[in-house]
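Protein chains in written order, with this note's numbering: chain A, 5 to 657; chain B, 5 to 657.
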């Protein structure tokens with residue numbers, strides 16, 4: 005079973021027989037998987053579209069509504085601007101799509117904004133992109149789930165008081181699903197997306213048909229319109245504001261560029277084609293919904309979503325098709341949150357591997373997923389939902405800045421990459437962490453395309469930040485720099501630590517230590533103390549027992565017993581007039597540390613009582629624990645706990 | 005500085021120079037006191053009356069009102085029974101006083117129900133008395149403070165919504181006062197009692213004078229009467245119920261018998277005379293208040309206390325004398341809580357010394373008081389006040405059962421003590437823990453007196469339990485047995501432990517252990533690991549390093565580095581297919597423990613990283629902590645932490 009591998013230093017390897025026992029978590033998330041079980045499946049274009057498009061496509065469920073929301077302050081007359089604004093957004097979508105085509109081909113190993121920025125722009129931009137993306141993953145969960153719950157409430161208004169609770173339960177369910185480890189290739193997960201696309205095309209198809217044939221009416225019994233008391237004028241600022249709100253339709257477009265490795269070979273080509281299909285579906289659905297919203301005179305309301313108003317007008321009431329559309333929209337919105345659950349833990353693990361985030365995020369749980377990241381995401385998103393009472397309109401101003409910031413950084417990075425490629429000679433190769441640089445014809449054009457993309461997304465980001473500053477965008481403008489600062493603080497801790505502990509250029513420890521002093525605090529003399537004393541004497545001949553005297557009678561007893569049982573060991577009694585235990589002991593130990601000779605090791609042997617039942621702890625002073633806590637931070641001492649258990653209890657069990 | 009005391013075993017004694025640093029607690033409760041500073045003052049009869057009578061006297065502030073409260077359900081006609089009931093209660097007071105006279109003389113060292121029961125009736129009755137008393141101390145705080153707040157609210161009705169807050173703040177203030185350690189001899193603390201007695205005698209004096217001269221009217225603008233919708237008949241049960249409520253006037257009478265040691269010599273005589281004076285004042289005030297209540301036709305109300313109604317009728321409105329009476333009543337009620345703050349921690353410490361309560365209760369804090377007991381009392385009383393919304397009428401049904409239970413036990417104990425004395429021969433002495441038994445003439449009479457007292461209080465207790473069972477007395481009938489059970493569970497833990505660890509009849513540990521195996525878990529190889537390795541090799545030549553392999557690349561690195569730096573030490577690699585760290589390691593260690601030879605010691609050396617800043621903990625796995633937690637409960641292994649600190653940070657500081 006043990007097989008030596010090496011002659012000089014004996015290295016043995018053995019397989020642990022340990023199998024995790026059955027527990028509640030098995031039932032919740034499934035039996036533990038072995039590391040060797042990691043799945044290696046890849047997916048085709050159709051499934052890929054379903055898997056990666058849910059986030060992007062789901063935004064059609066709220067983007068039009070959020071445009072209406074801004075225009076409402078100028079009265080329903082301003083609704084005429086919805087369609088033109090939507091056209092501008094679709095144009096932006098086209099630019100971003102073309103720009104990302106190039107990223108996908110350049111980074112076949114996955115080209116998220118974090119990797120592209122890191123390889124081309126340096127640490128700081130990479131961390132900015134990272135924090136922007138992490139923030140937006142969290143917001144994606146909060147926004148999508150809140151929007152999904154809004155759909156449910158539109159169909160069943162009596163559920164309105166339970167919005168927050170429903171949303172939090174949904175967040176937890178998706179968390180469990182992801183802790184279980186959803187197989188991305190599963191067709192199960194593709195179904196809702198296709199169902200949604202189908203239902204939406206049926207809705208807008210019938211809607212446009214009825215509109216053309218003149219049989220499409222307007223919303224019957226519209227929900228209460230939410231407008232300001234006094235209407236404001238239609239200003240360019242207002243139009244830009246509405247435009248900014250609508251750009252939330254573009255969130256999720258970057259998902260495919262992050263997940264290229266999941267595609268079948270030729271990966272980049274398949275991913276690129278999928279991206280184009282996704283953009284076409286997204287753009288056409290968005291335009292159609294925006295157009296029909298105007299036709300049916302849907303209004304902005306907290307009580308019923310625009311999709312719900314549209315669907316019940318198109319389908320003449322709340323029949324089966326209406327309910328199908330609402331169900332599909334709800335499910336796709338929840339699926340969109342699922343995309344964030346895939347992205348956040350992976351990006352977290354990537355940044356943690358680069359030592360910008362706590363190492364715990366690289367830890368894969370029993371089901372081979374980054375459990376800590378998944379739980380972190382769920383907790384923060386739940387808090388957001390609770391704070392913002394699951395209201396999409398309150399969350400939207402925080403959303404999308406991060407997306408456009410990472411779009412911009414990613415494309416600036418790409419532009420810089422093309423420029424670097426332009427400097428190479430033919431045949432030359434430069435290997436970077438995320439991709440390989442080779443000279444390419446036409447690098448100038450490609451650089452221009454990415455630069456133009458970067459410019460557009462940067463402008464949108466600015467519009468977003470300015471028009472929505474007062475509504476909440478300022479929060480993000482504080483959070484992202486704060487996160488970046490935090491990431492670098494974490495990084496410098498890990499870097500310092502590694503530099504301090506590294507064995508590179510390490511010449512070995514100073515010459516062998518010779519003297520070993522042992523100090524043993526005793527509060528009462530009993531069998532446990534004697535066992536600890538025996539251990540102390542096993543370590544060294546230089547043992548000093550220390551008793552802190554709080555009650556004189558107690559000290560008298562200790563002294564007497566020590567003469568009988570102390571085996572001649574030196575006992576120091578520290579009088580503690582203020583009845584403190586830890587402090588005088590620490591003072592004494594510190595004095596010894598200060599007078600320590602070089603090459604002297606000091607060990608503190610602490611007899612520690614281990615109760616057989618947990619609640620027994622309440623009946624003991626736990627001084628050993630306090631002492632340990634204090635002593636651990638003193639350099640140059642080693643702390644040894646000699647536990648004594650009351651075994652009679654254990655034998656009984 | 006170090007002075008050897010003994011030739012064979014070197015025992016040295018030193019005074020710790022450690023002075024507790026200034027902190028917030030100095031400001032709150034005063035600078036720490038040395039053990040030698042413990043006060044040894046004793047007090048005379050007058051101050052003694054003031055110090056120990058506040059609890060008993062304060063009950064005159066609510067006892068009459070609580071009788072009215074019960075009678076209210078039969079309409080105000082039933083109020084005619086108040087005075088006769090009060091006479092019965094005063095008769096009971098006389099019996100208890102005579103009975104306690106004997107206790108005071110028998111136990112000059114302090115004769116609380118706990119001690120008397122323990123010495124004469126055994127462990128179980130003592131613990132019943134103890135839990136009854138502890139429960140009642142808590143209720144004294146809750147009831148007195150709530151009643152004090154009720155007085156304040158009577159004078160300033162606008163404070164009504166803040167009852168609970170005011171009460172909790174008062175509990176905390178008295179807690180701080182007691183943590184500071186109130187000198188019982190202080191005349192400061194005697195003033196409020198005298199003020200109260202004076203104001204009450206002025207009130208009832210003027211009241212009776214005006215009543216005799218026919219100038220005493222009835223309550224002007226009486227508060228809203230709280231009566232049931234349908235009046236019930238006046239039944240014997242109702243009268244007994246009202247009587248039971250009124251017996252709360254007797255709470256606190258036992259205080260003097262607990263505090264005999266505080267009196268000047270001749271202690272017992274002084275204490276006995278003080279008790280008689282207290283009973284006379286208490287009885288006369290109570291009777292006078294009950295009488296005048298009927299004269300002025302005061303009514304039972306949640307909004308205004310009976311004392312307030314009486315005082316403003318006697319003084320013709322809310323003038324200075326009225327406010328003085330209310331202030332005096334409020335202060336005495338809060339002082340009564342103070343009595344409980346003195347009693348609870350002392351009884352707690354006594355029971356803890358007898359090992360029926362956690363040892364922590366014997367610990368005297370920086371001001372030489374039993375801090376843990378004081379804080380425990382404050383926390384539980386605050387919870388009670390919050391749960392019962394500071395309402396006296398809701399708390400009263402829980403109150404006083406405990407008092408009468410301990411009265412009864414104490415007097416049965418005394419009766420048994422007389423019987424034991426009767427069995428002694430002249431001149432014979434038996435020394436018990438709390439007193440000395442000597443033959444006495446007339447032991448039969450004294451036994452009869454105590455037996456009669458016990459009978460009376462037992463009957464009252466039964467009346468109390470039966471008439472108030474449904475109102476809440478059942479809670480106490482559950483809590484007291486539960487507490488007794490808990491005390492015995494605690495006791496058996498301490499007893500087991502002591503039996504297991506005792507050195508009586510201990511023949512010494514088995515022969516010296518010979519083999520010392522060291523196991524050292526390593527997760528990465530760095531300077532910290534090497535220091536731990538050096539330490540491990542200092543302990544023994546038999547060192548095995550164990551690496552749990554979670555990531556294959558990491559393991560590859562560890563293996564390579566170990567060949568360079570491992571100094572030839574054996575390395576065991578445990579493959580962990582489920583990516584668990586602790587479990588495979590534990591399994592391996594357990595296997596070694598199971599195969600352990602007799603006389604073999606196993607030490608686990610754990611390299612433990614100690615971050616220089618507390619928050620850095622969040623960036624590390626803390627596996628050392630988890631491992632320690634698990635290993636401590638395994639018999640036969642010793643755990644050693646070799647800490648490595650990043651010292652560069654520390655040098656910077």
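We put the beta carbon where it would ideally sit given N, CA and C, even for glycine.
Bear in mind that the values here come from a model prediction, so they are computed numbers and not experimental data.
Identity of the residue in the options nearest residue i by Cα
| i | options | result |
| --- | --- | --- |
| residue 25 of chain A | B:112, B:587, B:389 | B:587 |
| residue 622 of chain A | B:163, B:364, B:70 | B:364 |
| residue 400 of chain B | B:262, B:82, B:151, B:462 | B:151 |
| residue 611 of chain B | A:642, A:619, A:583, A:600 | A:642 |
| residue 600 of chain B | B:566, B:522, B:631 | B:522 |
| residue 168 of chain B | B:540, B:153, B:82, B:330 | B:153 |
| residue 4 of chain B | B:184, B:634, B:566, B:475 | Nothing about residue 4 of chain B can be reported from this structure: the residues present for chain B run from 5 to 657 only. |
| residue 308 of chain A | A:229, A:351, A:285 | A:229 |
| residue 469 of chain B | B:247, B:102, B:120, B:330 | B:247 |
| residue 46 of chain B | B:490, B:272, B:20, B:352 | B:272 |
| residue 250 of chain B | B:581, B:291, B:237, B:421 | B:291 |
| residue 306 of chain B | B:438, B:631, B:396 | B:396 |
For residue i: DSSP bridge partner residues
| i | result |
| --- | --- |
| residue 2 of chain A | In the structure as shown, chain A begins at 5 and stops at 657. Residue 2 of chain A is therefore absent and cannot be evaluated. |
| residue 647 of chain B | B:612 |
| residue 523 of chain A | A:548, A:608 |
| residue 176 of chain B | The partner list for residue 176 of chain B (beta bridge, DSSP) is empty, contrary to what the question assumes. |
| residue 500 of chain A | DSSP lists no partner for residue 500 of chain A. |
Alpha-carbon to alpha-carbon, residue j and residue i
| i | j | result |
| --- | --- | --- |
| residue 423 of chain B | residue 113 of chain B | 21 Å |
| residue 609 of chain A | residue 649 of chain B | 20 Å |
| residue 497 of chain B | residue 339 of chain A | 55 Å |
| residue 433 of chain A | residue 445 of chain A | 15 Å |
| residue 75 of chain A | residue 413 of chain A | 30 Å |
| residue 302 of chain B | residue 472 of chain B | 24 Å |
| residue 418 of chain A | residue 486 of chain A | 26 Å |
| residue 89 of chain B | residue 529 of chain A | 60 Å |
| residue 18 of chain B | residue 362 of chain B | 30 Å |
| residue 337 of chain B | residue 178 of chain B | 12 Å |
| residue 358 of chain A | residue 494 of chain A | 11 Å |
| residue 62 of chain B | residue 204 of chain B | 11 Å |
7 Å Cβ cut-off: residues of chain B touching residue i
| i | result |
| --- | --- |
| residue 19 of chain A | 579 |
| residue 524 of chain A | Within 7 Å Cβ-Cβ: nothing; residue 524 of chain A doesn't reach chain B, min ~13 Å. |
| residue 214 of chain A | What residue 214 of chain A touches in chain B: nothing, since even the nearest Cβ is about 57 Å away. |
Partner residues on chain A for residue i, Cβ-Cβ distance less than 8 Å
| i | result |
| --- | --- |
| residue 36 of chain B | 582 |
| residue 637 of chain B | 614, 647, 649 |
| residue 622 of chain B | 362 |
Proximal residues of chain B, C-beta to C-beta of residue i below 8 Å
| i | result |
| --- | --- |
| residue 368 of chain A | 583 |
| residue 494 of chain A | 623 |
Within chain E, partners of residue i - CB distance below 7 Å
| i | result |
| --- | --- |
| residue 569 of chain A | Absent from the structure: chain E. Protein chains present are A and B. |
The region 269-284 of chain B in contact with the region 100-109 of chain B per 3-pair CB rule at 8 Å: yes
Touching by the beta-carbon criterion (3+ pairs, under 8 Å), the region 136-144 of chain B and the region 341-355 of chain B: yes
Segment contact, 8 Å Cβ cut-off, at least three pairs: the region 456-472 of chain A with the region 169-178 of chain A: no
Given 8 Å, three or more beta-carbon pairs between the region 214-228 of chain B and the region 47-65 of chain B: no
Cβ contact (3+ pairs, closer than 8 Å) linking the region 288-307 of chain B and the region 80-89 of chain B: yes
Contact between the region 536-547 of chain A and the region 568-582 of chain A (3+ Cβ pairs under 8 Å): yes
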